[in-house]
Amino acid sequence: MVHQQGRLVFFCFVFFLLFDSTFEQRISSLAEKFALLQLRSSLGLRAKEWPIKGNPCLDWTGILCKNGRVTEINISGFKRTRVGSQSPQFSVDALQNLTLLDSFNASNFALPGSIPEWFGLRLASLRILDLRSCSISGTIPSTLGNLTSLVTLYLSNNGLTGQLPPSLDQLSRLSTLDLSQNKLVGLIPAAFGSLQNLTLLDMSSNFFNGAIPPEIGNLFQLKSLNLSNNSLSSSIPTQLGNLSNLVDLDLSSNSLSGTFPELGGLRNLQRVAVENNRLSGSLPEALWSMPRLQFLDASANNFTGILPNVSSILNATSAVFNLSQNMFYGNLPSLSRSFSFLDLSGNYFQGRLPDFAQRNVSLNSNCLQNVTSQRSRSECASFYSERGLSFDNFGEPNATEPVPPSKSNKKSHRNVIILAAVLGGVGLLALVLICLVLLIFCTRKRGVTNQRATEVGPGPASSSPPPPGPGVSLNFSSLGDVFTYQQILQATGEFSDANLMKHGHSGDLFRGTLEGGTLIVVKRIDMQSARKEAYLSELDFFSKVSNSRLVPFMGHCLENENEKFVVYKYMPNGDLSSSLFRKNNSDDDSLQSLDWITRLKIAIGAAEGLSYLHHECNPPLVHRDVQASSILLDDKFEVRLGSLNEACAQEGDSHQNRISRLLRLPQTSEQGTSGTPSATCAYDVYCFGKVLLELVTGKLGISASNDTGMKEWLDGTLKYISIYDKELVTNIVDPSLIIDEDLLEEVWAMAIVARSCLNPKPSRRPLMRYILKALENPLKVVREEHTSSARLRATSSRSSWNAALFGSWRSSSDVAAVPATTSANKLEGTSSLKQSGTTGSQGSGLNGDNGHSSSTRRHSKEIFPEPLEEQDVERRPHEE
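Sequential numbering from 31 applies to the sequence shown in this note's numbering.
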């Protein structure tokens, strides 16, 4: 009996504990419960994560309660409902009622808009604020300085602009401050030196200028300092040597000058990146003696001097050093230790190779003996002579004193000059004759080709054909099927609003069904408002051009005087702008993103269509309206190009224009004379580049917009596309894509092709046929070929492909030149040579794009053999 009573008391106690625990997990404040429901509605959160009938403290993902009050909200990576995703906004006003909120994490959740001012006034208890990758714009409100309890502040990878508010120096408890990858400007506040608890300060990839404040040296707890990819100038302050706990220092890709300071006090330093600056002088010996140093990238500066013998100083056996593209000279020191990677290319080292330089070491473009890919004798001799140093002349005798020539040698030399002059004159005459023969041949060939190739007619030189003169009528009765007006009305339900697809450039598009069940699209053209010549141009286009990559033309209805109708085959998957993200088949109203394989298939299909217009039609045809809405998709996501009413012959495609291209004469600008899109193939290539970026980034509307905001977005995005750095592209890749390492290389390759298409100079953009080949073989764009057949190809073969596709990388003002004959092993990793798991790749050994000197892989210089036809390697005819 006693045992039974004891057991009953025990069960009652357990039940009380369970009941009490459940009770504590329920929200005690009706205001807070209402605030959560309001937040669920304003953000468009799905029932999957926040079920409306569930207990928020127990059933809602990412909600943490204590004593019946909400203390943490984590919606990182959540997806909105279909309705919520149509107009996402920074709508979190309900947070004001959660007065005990300790942490708010919305990283990777779209919050377009600016941070509200009340954030720093109503959330006084907030300790963690994480708004990474939220599409935030505007300035940082000064009221954030009131969040004195804040310990962690992440605002990276957004579109924040303006200067930093001085009030941020009031966040005395702050341990982590990440403002990277925004558009912030101005000076780095010296008052940041008062944030004594900071352990991580990341302000990289912004537009900060001026000097690095010496007060940063007061942050004694700092372990990671990243100020890379800004416009910082002046010298590196010596006060940084006070940061005894610093592990990671990244000052790369700025405009820093002066010498590298003594940082001997940084005994914990493991990684130093100062590449792509203007630093000079010698590297301090204290830098080499840091016991934990694993990584040093000082490439692409003006460092000089002789390297110390570090074999007895450094203890690490897996260090990665990059000292390339400087002015180090003298003999290489004896390095008996093992390096994970050592890049000394692009300097002026002389002498013979020591034993250590047999592997994991890049020594291209030096003055070393018995080594291939070195600088020329004259370049090396000039360098050493200017500095009053002795040059060993690659180990040959009489290096310092020239041998006087004998009389016989003088006479022989004179004979050689005379013979060369004679042969040169004959060669020049032969060249002129060959050019004349080629011009005559091309003229005749054009006349013959007009009979054999796709005949589009001579084509107008202006942007669109002139309207027919009075009394002139065009007969299109044999073009497709002729539909009656009654058939059109019946198929479209008398043009009901339910069947209206969209308002096009030249007419409204309606969905329709013929009597046999065939689905069609009808374009209704109002002759009172539409340009008559555009309507006639489209019909004329379909009467002369046919290709599987063009939208199937089915017929027309021309019997009505005030309205004309053009009929196309219906495309089940709509266009790219509406199919990149489409509604999921599940019940949660979420959007499903196109996978990468489908995106690449779409890119190739669109390139095939444009390549047909540019290279298989005579004269070449220009689409002039290349954007996501013009790329139609059938039931298998095969591409059919639409919006062809603007298509016309390329401007100036004539015999005289060919002569101007051969002579490299200046051409017309990219804009048409009337402000309309330019009728040049280069204009199509530029627009196609924006479509490729849309596929890579998942950002809708890129290809359809030319406003200032979009241009700013392009400028901010292109800096993450580098032929030398694969990892950079991960900053702009559509987060909804699930891709492995091999697929990431394809994404990287497509981004590289997109950037080459977006070169500001039309003459530097690749031909569409080259773009098609690159997309069909994306890995060849980023991987080096090692086959014997590739090595047997001529130098001209390599340069022709580079000139066609990668001209923009060599010609842009912010990109270093890449000679076709120079290469060097480079470390895999990011711009600061971060180590990755991939091995065995090579890089150019030169400065990378946008100041990123490090490389993961070098683009292949032998992707495709040299074209046989002159037009494949000629420049674009219309240069700005």
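Just so you know, even glycine gets a beta-carbon here, dropped at the ideal spot from N, CA and C.
### Query
In whole angstroms, what separates the C-alpha of residue 146 from that of residue 227?
26 Å
### Query
Can you tell me the Cα-Cα spacing of residue 784 and residue 650, whole angstroms?
22 Å
#### Entry: Collapsed DSSP secondary structure at residue 837 in the structure displayed
Reliability of the predicted coordinates at residue 837 is poor, the pLDDT of 43 falling under 50, and the value obtained from them is presented with this limitation in mind. Helix.
### Touching by the beta-carbon criterion (3+ pairs, under 8 Å), the stretch 583–592 and the stretch 648–662
no
### Task
List the residues that DSSP assigns as beta-bridge partners of residue 380.
361, 397
### Query
Any chance the stretch 270–280 sits against the stretch 241–248, with 3 or more Cβ pairs inside 8 Å?
yes
### Message
Taking DSSP's pairing of strands, which residues face residue 511 in a bridge?
### Response
585
### Query
Which residue from 553, 718, 797 puts its Cα closest to that of residue 646?
797
### Query
residue 153 and residue 125: beta carbons closer than 8 Å?
yes
### Query
Roughly how far, in whole angstroms, is the beta-carbon of residue 144 from the beta-carbon of residue 166, given that I think they are within contact range, below 8 Å?
7 Å
### Message
With distance defined between alpha-carbon atoms, name the residue in 795, 539, 813 nearest to residue 754.
### Response
813
### Task
Would you identify the three-state DSSP class for residue 681, choosing helix, strand or coil?
coil
### Query
What are the boundary residues of the alpha helix (DSSP H) that residue 632 is part of?
626–641
### Per-residue burial, residue 87 [other beta carbons within 10 Å of its own, 16 or more giving buried]
buried
### Task
Sort out for me which residues DSSP pairs residue 598 with in a bridge.
551, 583
### Query
The beta strand (DSSP E) with residue 287 in it runs from where to where?
287–289
### Task
Please confirm if the stretch 761–771 is in contact with the stretch 793–809, defined as three or more CB-CB distances below 8 Å between the two stretches.
no
### Query
Among the residues of its own chain, which have a CB less than 6 Å from the CB of residue 413, if the five just before and after it don't count?
378
### Query
At which residue ranges does the stretch 277–341 contain complete beta strand (DSSP E) runs of 3 or more residues, listed in the order of the chain?
278–280, 287–289, 301–303, 308–311, 325–327, 332–335
### Query
For the candidate residues 129, 543, 594, 578, whose alpha-carbon lies nearest to that of residue 568?
594
### Message
According to DSSP, is residue 653 part of a helix, a strand, or is it coil?
### Response
coil
### Task
For residue 294, verify whether its CB is less than 7 Å away from any heavy atom of the ligand SAM.
As far as ligands go, the structure on display features none, and thus does not contain the ligand SAM.
### Query
What residue ranges within the stretch 72–150 form continuous alpha helix (DSSP H) runs of no fewer than 4 residues, ordered along the chain?
86–89, 112–116
### Task
Per DSSP, which residues does residue 533 bridge with? Please list them.
538
### Query
How many angstroms separate the CA atom of residue 352 from the CA atom of residue 358?
12 Å
### Query
In or out: residue 858 buried (at least 16 other Cβ within 10 Å) or exposed?
At residue 858 the pLDDT is 34, less than 50, meaning the model places this residue with poor confidence; the figure from the coordinates comes in the next sentence. Classification for residue 858: buried.
### Spatial distance of residue 356 from residue 256 (CA atoms)
23 Å
### Of the listed residues 545, 733, 671, 546, nearest to residue 582 (C-alpha basis)
671
### Query
From 566, 721, 730, 101, pick the residue whose C-alpha is nearest to that of residue 782; which is it?
721
### Message
DSSP three-state label for residue 189, please.
### Response
strand
### Task
Specify, as a first and last residue, the run of the beta strand (DSSP E) that residue 232 falls within.
230–232
### Query
Roughly how many angstroms lie between the CA atoms of residue 295 and residue 233, to the nearest whole one?
24 Å
### Burial state of residue 718, where buried means 16 or more other Cβ atoms lie within 10 Å
buried
### Task
Would you mind reading off the limits of the alpha helix (DSSP H) that contains residue 153?
No alpha helix (DSSP H) holds residue 153; DSSP gives it neither H nor E.
### Task
Flag this pair as yes or no: are the beta carbons of residue 195 and residue 170 separated by less than 8 Å?
yes
### Message
Looking at residue 624: is its Cβ nearer than 8 Å to the Cβ of residue 609?
### Response
yes
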